[in-house]
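Asks: Protein chains in written order, with our numbering: chain A, 1 to 888; chain B, 1001 to 1294.
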Amino acid sequence: MKSVTYFLLCILCGSAIEVQAQEIVLKDSGFVSQLEDGRVLQQPVRTNGIDTLLVDEPVNNIIILSDDNSDSYTFLEGQLGEDEDFAGTTAMVSSNDDYFLSEVGYLFSPMRFRVRAYNSQYNNVYVNGALMNDAERGTFSYGMIGGLNEATRNKEGASYLEHNGFGVGSVGGANNINMRASQYAAGHKASLVGCNRNYLARAMYTYSTGLMQNGWAFTGSASYRWANEGVIEGTFYNSFGYFLAAEKKIDDRHSISVATWGSPTERAQQAAATEEAYWLAGSHYYNSNWGYQGGKKRNARVVNSFEPAAVVTWDFQINDKAKLTTSLFGKYSNYSTTALGWNGNASDPRPNYYKNLPSAVYDVWDLDYTPTESEYADYMATYNYWVASKANRQINWDYMYFANSQANAMGGECLYYVERRHNDQFALNLASTLNVDFDKNNKGTFGINIGTTKGMHYKTMSDLMGAEKYTDIDKFSVEEYGTNSDFIQNDVDNPNRRIKEGDVFGYDYDINVNKANLFYQHNFSKGIMNLFLGTHVEATTMERYGNMRNGRAMEFSKGSSGTAFFLGGGVKMGVVLPFNAHNTVTFGWGYENRAPLAYNSFVAPRIRNNFVEGLTNEQLLNAEASYKFSFGSVTAKITGYCAMFNELVEQNAFYNDQQSEFTYLTMTGVDKVHYGLEAAVVYNITSSLAVNAVAAVGNAEYWGDVQGYLISETDKEGSSQKVYMDGVKVDGTPLTALSLGVDYNVKGWYLSANVNYYDNIYIDASSYTRLEKVVGNMEIDASTGKVDYNIPAQYKAKGGFMVDASIGKSISLRGGKKLNINLSLNNILNNQNLVTGGYEQNRDDGYWNKDGDNYVKDEKEKTYKFSKNPYLYYASAFNAYLNVGLRF
Amino acid sequence: MKTIRYISAFLFLLFAMTSCMNNFEAPELNDVPYGNNTIGEANKTIADLKTKYASVVRSNGYEQITDDIIIEGVVVANDETGNVYKQLVINDETGAIIIGVNDVGMYAVMPVGQRVRMNCKGLYIGGYGSLVQIGTKYYNEKYTEYQIGRMSKFDFLQHIRLIGKADSTQKELIPLEITEEYLANKANKDLAPVYVKLKNVSFAEADGKRLYAPEEEQISETNTAVERNVYVGSQKVIFRLSTYADFANDKMPKGSFDVTGVLTRYRNPGSNSDSKDYWQFLLSSTDDIIPITE
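(1) Terminal residues of the continuous alpha helix (DSSP H) containing Leu107 (chain A)?
(2) Can you find a CB in chain A that lies within less than 7 Å of the CB of Asp1067 (chain B)?
(3) Where does Asn1188 (chain B) fall in DSSP's three states?
(4) Rounded to the nearest angstrom, what separates Val45 (chain A) and Tyr874 (chain A) at their Cα positions?
(5) Excluding sequence positions up to five away, which residues of its chain have a Cβ less than 8 Å from the Cβ of Asp1288 (chain B)?
(6) Can you find a C-beta in chain B that's less than 7 Å from the C-beta of Gly482 (chain A)?
(7) Please state if the CB of Asn756 (chain A) and the CB of Val775 (chain A) are separated by a distance shorter than 7 Å.
(8) I need the DSSP call for Tyr874 (chain A), collapsed to helix, strand or coil.
(9) Between Val1109 (chain B) and chain A, is there a C-beta pair that is closer than 7 Å?
(10) Listing by chain order, which chain A residues have their CB less than 7 Å from the CB of Val1032 (chain B)?
(11) Identify, in the order they occur along the chain, each residue of the same chain with its Cβ nearer than 8 Å to the Cβ of Gly49 (chain A), setting aside the five sequence neighbours on each side.
(12) Taking 7 Å as the CB-CB cut-off, is Leu479 (chain A) touching chain B?
(13) Contact between the region 708 to 715 of chain A and the region 685 to 696 of chain A is defined here as three or more beta-carbon pairs at a separation below 8 Å; is this criterion met?
(14) Kindly indicate the opening and closing residues of the alpha helix (DSSP H) around Lys1052 (chain B).
(15) Please check if any C-beta of chain B sits within less than 7 Å of the C-beta of Val302 (chain A).
(16) By DSSP, does Thr1293 (chain B) sit in helix, in strand, or in coil?
(17) Judging by CA-CA distance, which residue of B:Ile1174, B:Glu1141 and B:Ile1134 is the nearest neighbour of Gly1149 (chain B)?
(18) Which residues, in order along the region 1248 to 1282 of chain B, keep a beta-carbon less than 7 Å from a beta-carbon of chain A?
(19) Give me the Cβ distance between Asn830 (chain A) and Phe878 (chain A), rounded to the nearest whole Å; I'm assuming they're in contact under 8 Å.
(20) Spell out a yes or no on whether the region 1040 to 1055 of chain B and the region 1140 to 1154 of chain B are touching, meaning 3 or more CB-CB pairs, one atom from each, closer than 8 Å.
(21) Which residues in the same chain as Asn580 (chain A) place their Cβ atom closer than 7 Å to its Cβ, once the five residues preceding and following it in sequence are excluded?
(22) Less than 7 Å between the C-beta atoms of Phe566 (chain A) and Asn617 (chain A), yes or no?
(23) Quick check: what's the CA-CA separation for Tyr1278 (chain B) versus Glu1072 (chain B)?
(24) Give the residues from the region 1027 to 1056 of chain B that approach chain A closer than 7 Å (Cβ to any Cβ), ordered along the chain.
(25) Indicate the three-state DSSP secondary structure (helix, strand or coil) for Asn820 (chain A) in the structure shown.
(26) Does DSSP put Thr1136 (chain B) in a helix, in a strand, or in coil?
(27) For the region 370 to 387 of chain A, which residues have a beta carbon sitting closer than 8 Å to at least one beta carbon of chain B?
(28) Along chain B, in chain order, which residues have C-beta atoms closer than 8 Å to that of Ser712 (chain A)?
(29) Starting from the beta carbon of Ala1077 (chain B), find every residue of chain A whose beta carbon is closer than 8 Å, and list them in chain order.
(30) Against chain A, with Cβ distances strictly below 7 Å, would Ser1152 (chain B) count as a contact?
(31) Output, in sequence order along the chain, the residues in the region 307 to 336 of chain A whose CB is closer than 9 Å to any CB in chain B.
(32) For the region 470 to 487 of chain A against the region 1241 to 1259 of chain B, do three or more pairs of beta-carbon atoms, one drawn from each stretch, fall closer than 8 Å, so that the two count as touching?
(33) Can you give me the C-alpha to C-alpha distance between Leu161 (chain A) and Gly129 (chain A), rounded to a whole angstrom?
(34) Is the CB of Gly410 (chain A) under 7 Å away from at least one CB in chain B?
(35) Taking all protein chains shown into account, decide if Val104 (chain A) is buried (16 or more other Cβ within 10 angstroms of its Cβ) or exposed.
(36) On the three-state DSSP scale, how would you describe Leu1283 (chain B)?
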């Protein structure tokens, strides 16, 4: 019986999802298989004589090769840097001869590996010495240089404990992109890429004059990346990139350079989904973001970004021992994401909204439960609807247009629309760096970096979808405060404003951040021995400025929040001690005290000026040691590190479906610890053949429970509660990544292949479901005296292997021309079961009843188990990337 | 110079290609993008259907409809404000009937005034409080027996067809004006639901300050309705209002008004006494309450 069941399951699940059934139970209701990790996949089969197991269209056939997210309704601003073709989005890179750091960024990029699991806000990216990181969120937006691979090729990097000549580096290291026109190799470079990823084709052309006799240098680059439909169904990619630079060498001591660049991009996004939805769709690359409109595919989540930037640099060689570099960097970012909106009591249009799923009909997770006949029939009706056609599991745009036309006919309000959430930013950064060689052993870098940032956050009406009337009120507040109350107004000064396409509505506020830092780095070296010292002080101010008076926060939404001031700084040192020419030990430590991010510092930034209570500086303590040796043709380095992050502030914003409220949960006093080992070994067997091994084995987790502050956009005030985060792992990166590779090099041919193994992959844990009030059921165990908190376990994905290879050939042509051809093959074994990340649902399984102003948890549970249905992203299936480049 | 020409040609080409990919015009909707457009003409009136299953309904039983019965009517009450929840009421010239569907936001495509056709074959019909409803059977754990309940949204999609667009001028939207005598006649209760207008009535509880359905006044912790009473002469009609309705926290009008909605009945299933057989009123929206100005 078991084998029959397994066979049936395989048919249903198709080859795309390999179900490793450990135990399969035959029940009256059908087959239920329990996976090794306790998850259950269910497939009802009628046992009362009627065989309805096989649906008309076998699920296998639904798997289309072209198949490939708090969302959900929540902010997806976290995806600002998600442009995946930047392998190094979140990897810290060092240019020093560190094989590990220079390899892992690319090597592990298919799994979105982050070195030491650090947040990318701890990696500073500079251009000609001026800081480009977003002061609000802390991170560098790689979308800003999208497609400009040639223009950003000249870069130097330094890890945290290495000296660099340009600026402060945090624990994630620092990079400096050199955009001086004279630094590009003279000549033409053209390349074409064909691949099956986010985009399908890329063209790039770069031309540089080099430094000409008249002291001028010019460089220009342009690129275009395109996909009418990327490898993920329903996505498209349309991105142009330009780069123009000029430099004038005035004399031997002075040189002025200017560069401007931008990358206007329009691209459609992919969404995470639950395992159940993937199962119903027959693919781990199901994308719920798109649907048919008049027979054409339309994606609801489209990113538009254009961040034009410019940098002006004055290089001043004061004398042969001192050089002063001064740069002014400026950018004006336009970044927006569209999202579906629904008004009044219209139903949630997302196809995979939980109420539309079979497991919302009866509790499929309770293996002892036998569904009633009617539950069973409803389950099958739902299941059959999902598998009957592809359109059924995608957004139904025609339905929404029809609903709006019905509303028009009756003089009603718009029901469905597309809104555009804008995160625009104007930033200026002035940096001046003085590099001095004191003597042959001592050098120092002094610098100052001053920045100002204005972040503009608002939403506009992108598409009313044919509707004639939309009024700017908060639909979630209507039931609570009544239809005539001021509380429901998003803009009390302009009540019941009628919104047309393009109008700002909902919220509109600015976040102003100013930063100034002063730093000094000193480096002493003698032979291989090296001593490095670094220190900096930093001042930060931040302010929210509301442009709307919101009805739920009439006194606290319009105008200035007042300005908060933070003073921070850091010290660090690193020592390289050689035992002999073949054995070197490096160790170092650092301490940093920095302002919290403005992004996390306001309790409900869309509507309120209130700062998070008890905002303090965040503290970072880092120590590491490494041992490097070379023995014959083997070189190896092993590093141990430990970093502690204290007093962090973190915020989650999400739509609380249970209470119909847009909710913010801010955690203060967050402590985290990251520790682990990194190792790299290279064995050069012959001059053309090398074997290498790379390992990153670490842990990164919350250390202790934290204080949370929960407030929704319909609340007049929030509540402070404990959040049980102790032991929750840092997500979105494998904490274990291992690689074994071989490189072969002969007659202009270059071959490499790697087998990679990833494990300890966690997804974003919901802070909401770990809230004191949500956890509930706190019992004291009589025997041990310990409190049993019943805290949900964090979802841990299964580890797995991935095999990558690349082959390339470099051909010299007549006239000094050079042709490069490279083919990269990723995930050759086509492992479609590797989770790269995802998030738990911000909703618990209980019912909540309102008691006065509080919600009280009911003993009864919801049928649908949010706790067992996390949203997951899977690593790309087998894909290829062919690059042909010509230099002439 | 040649280089510059190449570069400008390349740039021009790129700009030309970088045109917007995400422009969508409103689709032409020849077929209604909802329900089952293959359902044929109506072959029974709503009254026919109610009569056929009258005894099942009265005894709070349920029965599967096995005949090819297709009814047609106009939506007279829906879930627009959230007071009517997971139900629709459709009305033809012979009467009205409640359809229970496990879905929300149905008013988006079925506003009051939308003509619909329903293929009843395979669905269940039965009584709850002796009030007729089409849906499916469901197992009531409390009474350990099957009862009439709401059908799955996906079943509903197979059985419903929308005819034309919403139109507020249809004759099915003309309510029956109800008098004290009508309400006093117990036999009329078996006709419920009826699309009606009550004239010149007022809420007994209204004082100009009290709200329609505040949470503090809900019947019990688990019953989130508030009861408000209206008298037509000596006859009481109970308005059961949901604390989740959009208007729940709006003030009730103090004076008299005319109100349009669905007159229903609730007959206590445990009792044979007619004294526990009530007239109730299903209010779709407070827009249906028209104050009488003096």
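Yeah, the Cβ is synthetic: ideal placement off N, Cα and C, and Gly gets one too.
Replies: Per the coordinate set shown:
(1) Position 107 of the first sequence, counting from 1, holds the residue named residue 107 (chain A). Residues Tyr99 to Leu107.
(2) Taking the first residue of the second sequence as position 1, residue 1067 (chain B) is located at position 67. No, no contact with chain A.
(3) Here residue 1188 (chain B) corresponds to residue number 188 of the second sequence, with the count starting at 1. Asn1188 (chain B): helix per DSSP, three-state reduction.
(4) Here residue 45 (chain A) corresponds to residue number 45 of the first sequence, with the count starting at 1. Here residue 874 (chain A) corresponds to residue number 874 of the first sequence, with the count starting at 1. Low local confidence applies: a pLDDT of 33 at Val45 (chain A) is under 50, so the model's placement there is unreliable, and no value is given.
(5) For this step, residue 1288 (chain B) is matched to residue 288 along the second sequence. Here the set comprises Val1259, Thr1260 and Gly1261.
(6) Looking up residue 482 (chain A) in the first sequence gives position 482. At least one CB of chain B lies nearer than 7 Å to the CB of Gly482 (chain A).
(7) To locate residue 775 (chain A), count along the first sequence from 1; it is residue 775. To locate residue 756 (chain A), count along the first sequence from 1; it is residue 756. No.
(8) Indexing the first sequence from 1 puts residue 874 (chain A) at position 874. Here Tyr874 (chain A) sits in strand by DSSP.
(9) In the second sequence, counting from the first residue as 1, residue 1109 (chain B) sits at position 109. Interface residue, yes.
(10) Start at 1 with the first residue of the second sequence, and residue 1032 (chain B) comes out as number 32. Val1032 (chain B) reaches chain A at Phe402, counting residues in chain order whose Cβ is nearer than 7 Å.
(11) For the purposes of this step, residue 49 (chain A) is taken as the residue at position 49 of the first sequence. With a pLDDT of 27 at Gly49 (chain A), under the threshold of 50, the predicted position of this residue should be treated as unreliable, and no value is reported.
(12) By 1-based counting over the first sequence, the position of residue 479 (chain A) is 479. Residue 479 (chain A) is actually Glu in this sequence, not Leu. For Glu479 (chain A), the answer is yes, since a Cβ of chain B falls inside 7 Å of its Cβ.
(13) Contact fails: fewer than three Cβ-Cβ distances are below 8 Å.
(14) Mapped onto the second sequence, residue 1052 (chain B) falls at position 52. Element bounds for Lys1052 (chain B): Ile1046 to Lys1052.
(15) Numbered from 1 along the first sequence, position 302 holds the residue referred to as residue 302 (chain A). With 7 Å as the cut-off, Val302 (chain A) counts as an interface residue toward chain B.
(16) Along the second sequence, one-based indexing puts residue 1293 (chain B) at 293. Correct three-state label for Thr1293 (chain B): coil.
(17) Along the second sequence, read from residue 1 onward, the residue named residue 1149 (chain B) stands at position 149. Of the candidates B:Ile1174, B:Glu1141 and B:Ile1134, B:Ile1134 places its Cα closest to the Cα of Gly1149 (chain B).
(18) Taking 7 Å as the Cβ-Cβ cut-off against chain A, the residues of the region 1248 to 1282 of chain B that qualify are Ala1248, Asn1249 and Asp1250.
(19) The sequence position of residue 830 (chain A) within the first sequence is 830, counting from 1. The sequence position of residue 878 (chain A) within the first sequence is 878, counting from 1. That pair is a contact at about 4 Å.
(20) No, the region 1040 to 1055 of chain B does not touch the region 1140 to 1154 of chain B.
(21) Taking the first sequence and counting its residues from 1, the one referred to as residue 580 (chain A) is at position 580. Listed in chain order, the non-local C-beta contacts of Asn580 (chain A) below 7 Å within the same chain number zero, local neighbours out to five positions each way being set aside.
(22) The residue you call residue 566 (chain A) lines up with position 566 of the first sequence. The residue you call residue 617 (chain A) lines up with position 617 of the first sequence. Yes. Within cutoff.
(23) Start at 1 with the first residue of the second sequence, and residue 1278 (chain B) comes out as number 278. Start at 1 with the first residue of the second sequence, and residue 1072 (chain B) comes out as number 72. So the alpha carbons of these two residues sit roughly 28 Å apart.
(24) From the region 1027 to 1056 of chain B, only Pro1027, Glu1028, Leu1029, Val1032, Pro1033 and Tyr1034 have a Cβ closer than 7 Å to chain A.
(25) The residue you call residue 820 (chain A) lines up with position 820 of the first sequence. In this structure, Asn820 (chain A) counts as strand in the three-state DSSP scheme.
(26) Counting from one through the second sequence, the residue named residue 1136 (chain B) turns up at place 136. If DSSP states are grouped into helix, strand and coil, Thr1136 (chain B) belongs with the strands.
(27) Of all residues in the region 370 to 387 of chain A, only Thr372, Glu373, Ser374, Glu375, Ala377, Asp378, Ala381, Thr382, Asn384 and Tyr385 come within less than 8 Å of chain B when Cβ atoms are compared, listed by chain position.
(28) Here residue 712 (chain A) refers to the residue found at position 712 of the first sequence. Simply none; closest approach about 17 Å.
(29) In the second sequence, residue 1077 (chain B) corresponds to position 77, counting from 1. Those within 8 Å of Ala1077 (chain B) in chain A number zero; the least Cβ separation is about 14 Å.
(30) Reading the second sequence from its first residue, position 152 is the one you call residue 1152 (chain B). Yes, Ser1152 (chain B) counts as interfacial toward chain A.
(31) Of all residues in the region 307 to 336 of chain A, none comes within less than 9 Å of chain B when Cβ atoms are compared.
(32) With three or more CB-CB distances shorter than 8 Å, the region 470 to 487 of chain A counts as touching the region 1241 to 1259 of chain B.
(33) Numbered from its first residue, the first sequence carries residue 161 (chain A) at position 161. Numbered from its first residue, the first sequence carries residue 129 (chain A) at position 129. If I take the Cα positions, the gap works out to 18 Å.
(34) Position 410 of the first sequence, counted from the first residue, corresponds to residue 410 (chain A). For the sequence presented, residue 410 (chain A) should be read as Met rather than Gly. So yes, Met410 (chain A) belongs to the interface.
(35) Locating residue 104 (chain A) in the first sequence gives position 104, where the first residue counts as 1. By the 10 Å Cβ count, Val104 (chain A) comes out buried.
(36) Position 283 of the second sequence, counting from 1, holds the residue named residue 1283 (chain B). In the three-state scheme derived from DSSP, where H, G and I count as helix and E and B as strand, Leu1283 (chain B) is classed as coil.
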